[in-house]
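The structure appears below as structure tokens.
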Amino acid sequence: MKDKEKTLGIFARLGKQGQLINLVNNESDKGMVLSITAFIESTIQEIVYAFVVKNSASKDLEPNGHTSIVKRVRLACSLGLISELEMNVITKICNVRNEFAHKWDANFDDEEIKAKMQKLASVWLQFDHESNKAFRKKADKELFKLIGSMLLQDL
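Using our numbering, the final residue of the sequence shown is 250, and nothing's skipped along the way.
Have a look at this one:
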């Protein structure tokens with residue numbers, strides 16, 4: 096029964112990712128960044144909560160708990176549930192997200208956001224130099240969407 100539940104969970108996640116893709120394709124820069132980051136946060140919450148013992152000590156780790164995304168990501172990494180690369184990428188994504196969340200007029204032309212996108216790209220695109228050339232030619236908005244989508248596939 097557990098295998099069937101896992102399979103159904105995977106299909107549900109894929110369905111949600113399809114909904115996310117449809118949503119972000121019609122969003123502003125801010126809407127796209129906030130939506131992708133919220134989806135990543137929700138995914139990390141589910142991953143962490145699936146592996147903790149449900150008791151009073153894990154109350155803040157519940158999906159609606161008060162633990163920040165960064166703390167959940169560090170916990171997930173320390174438990175071996177995600178890689179250090181994934182942890183670093185999510186942290187950089189959150190840095191970009193914070194710019195959009197706290198500036199009413201934020202967009203990918205903003206110099207601070209461009210700098211944070213450079214840092215995000217340098218963390219994510221450290222593997223194969225040939226395929227990374229194509230990534231680096233993409234506009235920051237498309238790059239953020241692509242990195243977020245690829246990360247969610249890994250999770």
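Ideal Cβ positions, reconstructed from N, Cα and C, are used throughout, including at glycine. The structure presented is a predicted model; accordingly, all values stated were derived computationally and were not measured.
C-beta contact flag for Met-182 and Val-168 at 7 Å: yes
The stretch 202-222 / the stretch 138-158 touching (three or more Cβ pairs under 8 Å): no
Where Asp-204 falls, given that 16 or more other Cβ within 10 Å makes a residue buried: exposed
Short Cβ contact (7 Å threshold) for Leu-246 with Val-184: yes
Beta strand (DSSP E) runs wholly inside the stretch 155-199, at least 3 long, in chain order: none
Residues of its chain near Leu-250, where Cβ-Cβ distance is below 8 Å and the 5 sequence neighbours each way are ignored: Ile-135, Thr-138, Ile-139, Ile-142, Ile-177, Glu-181
Lys-125 and Phe-195 closer than 7 Å at C-beta: yes
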